[in-house]
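Before any comments, here is the structure.
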Amino acid sequence: MPPLSAPRPRYVFKVELPFWTYQDLVRRPNFRVQSRCEPGGDLRLVIPSDGELGEPTMRFLASCGVKVNRPNSRRYTGLIPSIPGIDVLFQRTADITTKVEEGSADMGITGLDRLMEYRHDDDAVVAVMEDLEFGRCEYVLAVPESWLDVTSIDDLADLALEFHAHGRQLRIATKYPRLLRRYLFERGINYFTLVPASGTLEAAPIAGYADLIADLSATGTTLRENRLKTLDGGTILTSQACLIANPVSLAQNPADLRLAQSFTEMLEAHMRSEPYYRITANVQGRSAEDVSAMILSRPEIAGIQGPTVARVFSVEEEDWYAVSLLIRKNRLLDVVDHLRECGGVDIAAAQLSYLFKGQSQAFDGFMARIAAQNGGPAEYA
19 MPPLSAPRPR
29 YVFKVELPFW
39 TYQDLVRRPN
49 FRVQSRCEPG
59 GDLRLVIPSD
69 GELGEPTMRF
79 LASCGVKVNR
89 PNSRRYTGLI
99 PSIPGIDVLF
109 QRTADITTKV
119 EEGSADMGIT
129 GLDRLMEYRH
139 DDDAVVAVME
149 DLEFGRCEYV
159 LAVPESWLDV
169 TSIDDLADLA
179 LEFHAHGRQL
189 RIATKYPRLL
199 RRYLFERGIN
209 YFTLVPASGT
219 LEAAPIAGYA
229 DLIADLSATG
239 TTLRENRLKT
249 LDGGTILTSQ
259 ACLIANPVSL
269 AQNPADLRLA
279 QSFTEMLEAH
289 MRSEPYYRIT
299 ANVQGRSAED
309 VSAMILSRPE
319 IAGIQGPTVA
329 RVFSVEEEDW
339 YAVSLLIRKN
349 RLLDVVDHLR
359 ECGGVDIAAA
369 QLSYLFKGQS
379 QAFDGFMARI
389 AAQNGGPAEY
399 A
């Protein structure tokens, strides 16, 4: 009698006993980060599940042509139909750097502030693209407005010395102690106590458990509403969303490395295209060279690398040529006026979706990092 169903595939799980630290493991010649069953091979991309970067990340990826399909908000996995082979995982923003560093994910999108605070091994997680142009904020020091004599970081350094002379230390509430401690030490401020905190920090001075705060601020409105002020020179870090990756896990899987390149290039090409329009017009002239000369008479608005001119096979007897230019958006009306002066008609401007260069600057930099770690060029299919 035949079996009622085909036998289930057998999976092999790789388990490394915790006799070594993660840093020891990644330096072993045969080590491979593997948290999935074999067969697998899909690139694991982790993105924020909620919070200030949650929805902006989803909108950004959709605008880049790599929209994430997530069945519902309670589902913590998703797919990118335009790049088959990428598994999307949704996690808290605070956990993303750790997930990528430990190899549970290959790539991720998080805030630069989270990367700088939570990264422990510079070789295990790197920024592929440091600025995705959303989620902008500043990590700043803020003191009570009543501190009239404290307006700069130098004033704060003097105050720390004064506190120390009276047997006290400045108490600073923060969510990012590593970043803050390094910043203060670099500026000669050595006498302070960091107060770890979560949630809203602006109330800390009023509540009495801190003298000042170090917190993220996008507009400064919340600080002002809570009678706090920033200091000159008191910006610890300018942060925004960034794309991060684990070069250790990706270097050992050429297929995943190729997926990482495709994903990176889609983001990079879309962002590169944002400042430009493709503008076209029909221009009458004796020859393509004649039309080109008219357009190039104003080289500053004749396109990024000059015009593309092609013959139009018109039903009319006159010679017409199609002119195509790649221009910056802020020069649009100048270019339109110039084309009109050259006899241009049917002038049309279109927003670009992507602008690819000969090489991906972001991914080439990442590959160079892998090559430096491995002592030779990385390969991918």
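According to our numbering, the sequence shown is numbered sequentially starting from 19. Note that the Cβ used here is the ideal one computed from N, Cα and C, for glycine as well. Owing to the predicted nature of the structure, the values given are computational and were not obtained by experimental measurement.
For N87, there is no enclosing alpha helix (DSSP H), as DSSP gives it neither H nor E. Judged by DSSP secondary structure, A183 falls within the alpha helix (DSSP H) whose first and last residues are I171 to A183.
Residue V144 holds the alpha-carbon nearest to the alpha-carbon of V266 among V144, D113, T115 and P99. The beta carbon of S81 lies closer than 7 Å to those of H288 in the same chain, with the five residues before and after it left out. Minimum Cα-Cα distance from D337 among the listed residues D233, A328 and L370 corresponds to A328.
The three-state reading of DSSP puts P272 in helix, counting H, G and I together. With contacts defined as CB atoms closer than 8 Å, Q279 and L130 fail to qualify as a contacting pair. In this structure, V86 lies near I98, with their beta-carbon atoms less than 8 Å apart. Pairwise C-beta distances place the region 292-300 in contact with the region 359-375, as three or more of them are shorter than 8 Å. In the three-state reduction of the DSSP assignment, S342 falls in the strand class, which pools E and B.
Secondary structure of L219 (DSSP, three-state): coil. In this chain, the beta strand (DSSP E) harbouring Q302 covers Y294 to Q302.
Of all alpha-carbon atoms in I171, L241 and T116, the one lying nearest the alpha-carbon of N264 is that of T116.
The beta carbon of Q187 is closer than 8 Å to those of A178, F181, Y209, F210 and T211 in its chain, skipping five residues each way along the sequence. In this structure, M134 and L197 form a Cβ contact; the two beta carbons are roughly 6 Å apart against a cut-off of 8 Å.
For I207, the number of other beta carbons within 10 angstroms of its own is at least 16, and it is reported as buried.
L202 has its alpha-carbon roughly 19 Å from the corresponding atom of L246.
Under the three-state reduction of DSSP output, K247 falls in the strand class. Residues A191, A228 and I231 of the same chain have their beta carbon placed closer than 6 Å to that of A222, with the five preceding and five following residues left out of the count. Contact between the region 337-356 and the region 303-312 is present, with at least three C-beta pairs closer than 8 Å. Assigned with DSSP and collapsed to three states, Q391 falls in helix. The Cβ neighbour count for H184, taken over all protein chains shown within 10 Å, is under 16; the residue is labelled exposed.
Out of I127, E220 and E156, the CA that lies nearest to the CA of F78 is found in I127.
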